[in-house]
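Below is one structure, written out as C-alpha cells; comments come after it.
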Amino acid sequence: MASKSESRMTPLKLLSLGLVVLWLFLAAFPFVWTFWGSFKVQGDFFSKADWTNALFGVFTTRETGGAFTANGYYGAWVQESFWYNFWNTGVVVFFTVTISLTFGTLGGYALARSGFRYAFWILMAALVFRAMPHITLVSGYLLPFFEWNIWGIKPTTIIVLVAINQPFTLWMLHSFFLNIPKDLDESAMVDGCTRFQAFRHVIVPVMWPGVITTGLFSFLLAYNDFAVTSMLLSGENETIIPAIASFLGTTQIEGNVMFAVAAVVMTTAPLFILILFFQRHIVSGLTAGAVKG
Amino acid sequence: MKHRTFLWFILPTLSAMILFIALPIVSVFIQSLFVQHEQVLVVSESCGPFGCSSTTSIDAEATAQLRAEQPLGKFNGFGTYTNRAHLAFAEVGDAWRNRDGLGDFLDELMDLPFYKALIFTLTYTFVVTPIVLILGLAIAVGVNTLPRVTKGPAIFVSLLPFLVTPLVGSLILFWMVDGDGIIGATLQILFNDPSLSVKASTPLMWTMLMVYGVWHTLPFSFIVFYAGLQTVPQDTLEAARVDGANKWETMLHVVVPHLMPLVTFVTLMLLMDNFRVLEPIVSFSAQGHAQSLSYYIFNDLREAGNPLYSSAGATSMMTILGVVILLTPVLIRTWRDFNQRAH
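As you go down the protein sequences, you meet chains A and B in turn.
So that you can map any letter, position 146 of the first sequence is 146 in the working numbering, and since no number is skipped, the others follow by simple counting.
So that you can map any letter, position 45 of the second sequence is 45 in the working numbering, and since no number is skipped, the others follow by simple counting.
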C-alpha cells in the first residue's frame with residue numbers, strides 16, 4: 001500500500017528520476033547512433049559540419065542514390081570475408097562453453113558436497129585465479145606453445161579459454177549446487193546408487209537452470225575475449241574480436257571505416273538477442289555470487 | 001563425499017586450472033629471469049694494400065641457431081626487473097636525489113614506462129571504482145521507484161553497455177568522440193576550439209578512458225544493488241518512518257547498512273576488472289597518452305616477430321603481485337569467516 005508520502009513528487013525523487021533517465025539515454029544512445037549510422041557513408045557517419053547529416057544521410061543520398069546503404073555490410077562481409085571470422089568464433093565459443101560446463105558441473109558438484117578443508121582451498125585458489133589479468137597468463141603460454149608447435153590453432157585457444165573460464169564456472173555452480181538439498185542425492189545413494197549414478201540420475205535433471213545461467217556467462221567470456229584470442233590465433237583462425245582490432249589499422253588508412261562500423265554492429269547483434277531472451281537469467285547470475293558471498 | 005570420489009569429480013577442472021593457469025605463472029616467472037641472446041658478432045679482418053682493418057658484422061645464421069637452441073635466452077637473474085624499462089632503481093634513485101619538489105619527481109617517474117603504466121592503472125582503478133559504486137546505488141534507488149512496467153526495459157537497456165564486447169563498446173564511444181564524430185564535433189563547437197581533439201591531449205584521453213570505464217561497469221553495480229534493494233526488510237523501513245526518519249536518513253541508516261555485504265562484493269569485482277584494463281586503450285589507440293600494465297605486457301608480446309618474453313614476464317609477475325596485494329583484505333576476511341563457521 002503506497003502511502004501519501006511515497007507517491008508525492010519530492011525534489012529528491014525528481015533528481016533520482018532525472019539521473020535514471022540520463023543514464024538510460026547514455027546507455028542506449030551510442031548503440032542506436034552507431035546502428036543508424038552503419039547504413040550511411042563515412043561522410044555522414046562522421047559529419048563534422050552538420051550532425052543532422054547523419055540522421056538524414058545527405059552524403060549517402062548523393063553517393064548512392066538512397067538514404068540508406070548496405071555498402072559497409074557488403075564490404076565487411078564479402079570483401080573482408082568477415083563471415084569466416086564469424087564461423088571461427090562460432091566454433092571456438094561452442095566448444096569452450098560445452099567443455100567448460102561439463103568440467104564445471106562435475107567440479108562444482110564435488111565442491112558443494114565435500115565438507116573437507118581442501119575444498120575451501122580450491123575455491124580460494126579459484127578466486128585468486130579469477131583475478132589474474134588474462135594477458136599475464138598469455139605471456140606464459142606463448143613460448144611453450146611455439147616450442148610445441150601448437151600455437152595458432154583453434155583447439156589450443158579453446159582449451160585455454162576453458163581453463164580461464166573454470167574459476168568463475170566453479171564458483172557459480174558450487175553456490176548453485178549448495179541450494180539443491182543434500183537429501184536428494186543422498187537418498188538415492190541409500191537406495192544403492194553410486195555417487196556418480198546419483199549425480200547422473202538425480203542431480204542432472206534438476207540442474208539446468210543453474211547450468212544455463214552459468215553457460216550464458218561462459219559464452220560472454222569466450223565471445224568477448226580479446227587478450228587470449230588476439231595473441232594465440234593465427235590469421236586464418238582469427239575470431240571476430242581480434243579481426244576487428246586488426247582491420248581497424250588497415251581500414252582507417254584505406255578509408256573503409258564503414259566496414260569496421262558494420263562489423264561492430266554485426267558483433268553486437270548476437271549479444272543484443274541474447275539479452276532479449278535471457279535477461280532474467282543474466283540478472284540472476286550477476287547477483288548469484290553476491291548473495292552467497 | 002569420499003576423498004577418492006571427490007578426486008574423480010574435480011580432476012578435469014583441476015587439471016585444466018593447473019595446466020593453464022598455475023603452470024603458466026611458473027613459466028612467466030622463469031621467462032622473466034632470462035634475456036634473449038644478443039646477436040652473435042663476428043670480427044673479420046681484411047688486409048689490403050693499405051694495412052689491415054677489422055669489420056664487425058652480425059652472424060645472422062649463428063644468431064638464429066643459438067636462439068633456436070635456447071629459446072629462453074641466457075640467465076639474467078632479476079636484471080630485467082631492475083632495468084630501465086621496469087623498476088628502474090638507478091633512474092628512480094637519481095630522480096629522487098635531484099628532485100625539485102614532489103611534482104617534478106612524479107614527472108620524472110612518468111617518463112619511465114613501467115611507472116607510467118602503473119600510475120595509470122592505479123588511477124583508473126581507484127577513480128572508476130568509487131564513482132561506479134556511488135552512481136550504481138543512486139540509479140538502483142531511482143529505478144526502484146519506477147512504475148513496474150518500465151523496470152524491465154530499463155534493466156534491458158542498462159545491460160547493453162556491460163555485456164557488449166569491451167573492444168567493441170570502446171570503439172563505439174571512440175567513433176563518437178572523434179574530432180568528426182557527434183560528441184567530438186559538439187565539444188569543439190561548445191569550447192569554440194576547432195583543434196580540440198581527444199587523440200591529441202593526455203588529460204582528455206585519461207578522462208575519456210575513465211568515462212568509458214564508468215559507462216562499461218556501472219550496470220554491474222546497478223544490477224547487484226537493485227537486486228539487494230528488493231530484499232530490504234519492509235518492517236525496518238516502516239519502523240524508521242514511524243520514528244520520523246526522512247527519506248535521506250532512512251537511506252543512510254537502513255538501506256546502506258543492509259547493502260554493505262553487496263558493496264564489498266561489488267568492490268572486489270570492480271577492482272579485479274578495472275585493474276586489468278586493456279581493450280579501451282587498444283580501441284582508442286591511446287598508447288601514446290596512457291598505458292596500463294596489461295597494455296604494456298600486450299605491447300611487449302606484440303613486438304613484431306620478436307616478442308620480448310623477459311620484459312613481458314617481469315611486468316606480468318609484478319602485475320600478479322599487484323593483484324594479490326589488492327585481494328589480500330578479501331582473502332583474510334574469507335579465511336576468518338571460514339574458521340568461524342568451522343568452530
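Using N, Cα and C, we set each Cβ at its ideal position, and we do this for glycine too.
Note that the coordinates shown come from a computational prediction; the quantities given were computed from them, not determined experimentally.
List the residues of chain B whose Cβ lies closer than 9 Å to the Cβ of residue 41 (chain A), in chain order.
If you number the first sequence from 1, residue 41 (chain A) lands on position 41. Near residue 41 (chain A) there are no residues of chain B at all, since even the closest Cβ is about 13 Å away, more than 9 Å.
So residue 40 (chain B) and residue 62 (chain B) are supposed to be a Cβ contact under 8 Å. How far apart are they, rounded?
For the purposes of this step, residue 40 (chain B) is taken as residue 40 along the second sequence, with counting starting at 1. For the purposes of this step, residue 62 (chain B) is taken as residue 62 along the second sequence, with counting starting at 1. Correct: roughly 4 Å between the Cβ atoms.
In the DSSP assignment, find the unbroken beta strand (DSSP E) run with residue 41 (chain B) in it and report its ends.
Here the question's residue 41 (chain B) lines up with position 41 in the second sequence. Segment 41-48, the beta strand (DSSP E) holding residue 41 (chain B).
Is the CB-CB distance between residue 114 (chain B) and residue 87 (chain B) below 8 Å?
Indexing the second sequence from 1 puts residue 114 (chain B) at position 114. Indexing the second sequence from 1 puts residue 87 (chain B) at position 87. Yes, they are a contact pair.
Per DSSP, residue 55 (chain B) is paired with what?
Position 55 of the second sequence, counting from 1, holds the residue named residue 55 (chain B). According to DSSP, residue 55 (chain B) bridges with B:44.
Contact check, residue 80 (chain B) vs residue 128 (chain B), beta carbons under 8 Å:
Start at 1 with the first residue of the second sequence, and residue 80 (chain B) comes out as number 80. Start at 1 with the first residue of the second sequence, and residue 128 (chain B) comes out as number 128. Contact flag unset, no.
If you drop the 5 nearest sequence neighbours on each side, which residues of the same chain put their C-beta closer than 8 Å to that of residue 217 (chain B)?
Here the question's residue 217 (chain B) lines up with position 217 in the second sequence. So the list reads 128, 132, 162, 270, 273 and 274, once near-sequence residues are dropped.
In this structure, does DSSP put residue 370 (chain B) in helix, strand or coil?
The question about residue 370 (chain B) has no answer here: the residues shown for chain B are numbered 1 through 343.
Let me know if residue 74 (chain A) comes out buried or exposed under the rule of 16 or more other beta-carbons within 10 Å of its beta-carbon.
Position 74 of the first sequence, counted from the start, is the residue given in the question as residue 74 (chain A). Only exposed fits residue 74 (chain A), as fewer than 16 other CB atoms lie within 10 angstroms of its CB.
Inter-stretch contact (C-beta, 8 Å, three-pair minimum) for the region 123-140 of chain A and the region 61-75 of chain A
In short, these stretches do not touch, since the Cβ pair count stays below three.
Check whether the region 85-97 of chain A and the region 177-195 of chain A are in contact - that is, three or more C-beta pairs closer than 8 Å.
For the pair of segments examined, the region 85-97 of chain A was found not to touch the region 177-195 of chain A: the number of CB pairs separated by less than 8 Å stays below three.
Residue range of the unbroken alpha helix (DSSP H) whose run includes residue 165 (chain B):
By 1-based counting over the second sequence, the position of residue 165 (chain B) is 165. For residue 165 (chain B), no alpha helix (DSSP H) segment is defined, and its DSSP state is neither H nor E.
Label residue 332 (chain B) either buried or exposed according to how many other C-beta atoms from any shown protein chain fall within 10 Å of its C-beta, with 16 as the threshold for buried.
As a first step, residue 332 (chain B) must be located in the second sequence, where it is residue number 332. The residue is exposed, with fewer than 16 neighbouring Cβ atoms inside 10 Å.
Got a sec? Which residues, its chain only, sit under 6 Å from residue 73 (chain B) by beta carbon, not counting five neighbours each side?
For the purposes of this step, residue 73 (chain B) is taken as the residue at position 73 of the second sequence. Excluding five sequence positions before and after residue 73 (chain B), the CB atoms of its chain that fall closer than 6 Å to its own CB belong to 34, 35, 36 and 37, given in chain order.
Nearest chain B C-beta to residue 166 (chain A) closer than 8 Å, yes or no?
Along the first sequence, one-based indexing puts residue 166 (chain A) at 166. Yes, residue 166 (chain A) lies at the interface with chain B (some Cβ there is under 8 Å from its Cβ).
Pick from B:315, B:336 and B:125 that is closest to residue 212 (chain B), judged by C-alpha positions
Position 212 of the second sequence, counted from the first residue, corresponds to residue 212 (chain B). Nearest C-alpha to residue 212 (chain B): B:125.
Span separating the alpha-carbon of residue 122 (chain B) from that of residue 296 (chain B):
Position 122 of the second sequence, counted from the start, is the residue given in the question as residue 122 (chain B). Position 296 of the second sequence, counted from the start, is the residue given in the question as residue 296 (chain B). Going by the C-alpha atoms only, they are around 14 Å apart.
Quick one: grab the DSSP three-state call for residue 23 (chain B).
Locating residue 23 (chain B) in the second sequence gives position 23, where the first residue counts as 1. Note: residue 23 (chain B) maps to helix in three-state DSSP.
Does the CB of residue 236 (chain A) have a neighbour CB from chain B at under 8 Å?
Taking the first sequence and counting its residues from 1, one reaches residue 236 (chain A) at position 236. It does not; no Cβ of chain B falls within 8 Å.
Identify the continuous alpha helix (DSSP H) that holds residue 110 (chain A) and give its terminal residues.
Position 110 of the first sequence, counted from the start, is the residue given in the question as residue 110 (chain A). Per DSSP, residue 110 (chain A) belongs to the alpha helix (DSSP H) from 82-113.
For residue 46 (chain A), which three-state DSSP category applies?
One-based indexing of the first sequence puts residue 46 (chain A) at position 46. In this structure, residue 46 (chain A) counts as coil in the three-state DSSP scheme.
How is residue 128 (chain B) classed by DSSP in three states: helix, strand or coil?
Counting from 1 along the second sequence, the entry for residue 128 (chain B) is found at position 128. Residue state, collapsed to three classes: helix.
Should residue 201 (chain A) be labelled buried (16 or more other beta-carbon atoms within 10 Å of its own) or exposed?
In the first sequence, counting from the first residue as 1, residue 201 (chain A) sits at position 201. Burial call: exposed.
In chain A, which residues lie with their C-beta within 8 Å of the C-beta of residue 168 (chain B)?
If you number the second sequence from 1, residue 168 (chain B) lands on position 168. 241, 244, 264, 267 and 268, listed in chain order.
Three or more beta-carbon pairs under 8 Å between the region 26-33 of chain A and the region 225-239 of chain A, yes or no?
In short, these stretches do not touch, since the Cβ pair count stays below three.
8 Å is my cut-off, CB to CB: does residue 4 (chain A) come that close to chain B?
Counting from 1 along the first sequence, the entry for residue 4 (chain A) is found at position 4. Per-residue confidence for residue 4 (chain A) stands at a pLDDT of 47, beneath the threshold of 50, marking its modelled position as unreliable; no derived number is given.
Using a beta-carbon distance below 8 Å, is residue 139 (chain B) in contact with chain A?
Translated into positions along the second sequence, residue 139 (chain B) becomes position 139. With its beta carbon less than 8 Å from one in chain A, residue 139 (chain B) belongs to the interface.
Express the C-alpha separation of residue 119 (chain A) and residue 111 (chain A) in angstroms, rounding to a whole number.
The count along the first sequence starts at 1 and reaches residue 111 (chain A) at position 111. The count along the first sequence starts at 1 and reaches residue 119 (chain A) at position 119. Answer to the nearest angstrom: the Cα atoms are 6 Å apart.
Please list, in chain order, the chain A residues whose beta carbon lies closer than 8 Å to that of residue 220 (chain B).
Walking along the second sequence from the start, residue 220 (chain B) turns up at place 220. Chain order gives the chain A residues near residue 220 (chain B) as 286, where near means a beta carbon separation below 8 Å.
Residue 154 (chain A) - DSSP class collapsed to helix/strand/coil:
Against the first sequence, residue 154 (chain A) aligns to sequence position 154. In the structure shown, the three-state DSSP call for residue 154 (chain A) is helix.
Mind checking residue 323 (chain B): buried by the 16 CB within 10 Å criterion, or exposed?
For the purposes of this step, residue 323 (chain B) is taken as the residue at position 323 of the second sequence. Residue 323 (chain B) is buried by the Cβ-count criterion.
In the DSSP assignment, the alpha helix (DSSP H) including residue 71 (chain A) goes from what residue to what residue?
Numbered from its first residue, the first sequence carries residue 71 (chain A) at position 71. Counted as a single uninterrupted DSSP element, the alpha helix (DSSP H) harbouring residue 71 (chain A) occupies residues 71-74.
Please decide whether residue 119 (chain B) counts as near chain A, where near means a Cβ-Cβ distance under 8 Å.
Position 119 of the second sequence, counted from the start, is the residue given in the question as residue 119 (chain B). No, residue 119 (chain B) does not count as interfacial toward chain A.
Cross-chain neighbours of residue 272 (chain B) in chain A, by beta carbon under 8 Å
Numbered from 1 along the second sequence, position 272 holds the residue referred to as residue 272 (chain B). Those are 130 and 131, listed as they occur along chain A.
Give every residue of the same chain whose Cβ lies closer than 7 Å to the Cβ of residue 225 (chain B), excluding the five residues on either side of it in the sequence, and list them in chain order.
In the second sequence, the residue the question calls residue 225 (chain B) occupies position 225. Answer for residue 225 (chain B): 136, 137, 140, 259 and 262, listed in chain order.
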